[in-house]
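Take a look at the structure set out below.
Residue numbers (the numbering used here): 1 to 176.
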């Protein structure tokens, strides 16, 4: 039964997460944290931060990790397959239509309508992470890490991987 749950936890976000990893992260969080309760919001945010620090697609890294935690090696394989299966099936089935209508104004308009929805989903997830962090480490640590990260990313143009690594080191030293 756990393997079916792992498959559904990643297949459904894969179907609904139009736009790739960033748009499917809130959907995966809903399945993993709210629906199956395999992780807390704080654990999910830590796993997401670690996954973002590693190269490659974030959704498959999360699926592999969560699948392994819940069902071992087979769970990991099922999770990764469930993540890529919707895209693979749709691309194979709809490749001809996609090539025929890719320059259509209607298709381009549809894509423009979906972008704000993805932004709202990411905003809701950020809001949840902010209050989870506030509950876990307090307002001053949260503000310090957030403002320092913003400064490093926006003003000094430091690569996000270095900012994430620095936050991990800070958390390991001062918050462990």
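Note that the Cβ used here is the ideal one computed from N, Cα and C, for glycine as well.
Integer-rounded CB distance, given that residue j should sit under 8 angstroms from residue i
i          : j          : result
residue 80 : residue 64 : 5 angstroms
residue 48 : residue 62 : 7 angstroms
residue 60 : residue 32 : At roughly 14 angstroms, the Cβ-Cβ gap does not stay under 8 angstroms, so residue 60 and residue 32 are not in contact.
Span of the alpha helix (DSSP H) around residue i
i           : result
residue 132 : 105–137
residue 57  : Element bounds for residue 57: n/a, residue is neither H nor E.
Per-residue burial, residue i [other beta carbons within 10 Å of its own, 16 or more giving buried]
i           : result
residue 102 : exposed
residue 146 : exposed
residue 55  : exposed
residue 162 : exposed
residue 99  : exposed
residue 104 : exposed
Pair within 8 angstroms by beta-carbon distance, residue i and residue j
i           : j           : result
residue 10  : residue 82  : yes
residue 122 : residue 22  : yes
residue 42  : residue 132 : yes
residue 27  : residue 17  : yes
residue 25  : residue 88  : no
residue 75  : residue 12  : no
Closer than 8 angstroms to chain C by CB, residue i
i          : result
residue 69 : Judged by its chain identifiers, the structure shown contains no chain C, having just a single protein chain.
As assigned by DSSP and simplified to three states, the class of residue i
i          : result
residue 48 : helix
residue 4  : helix
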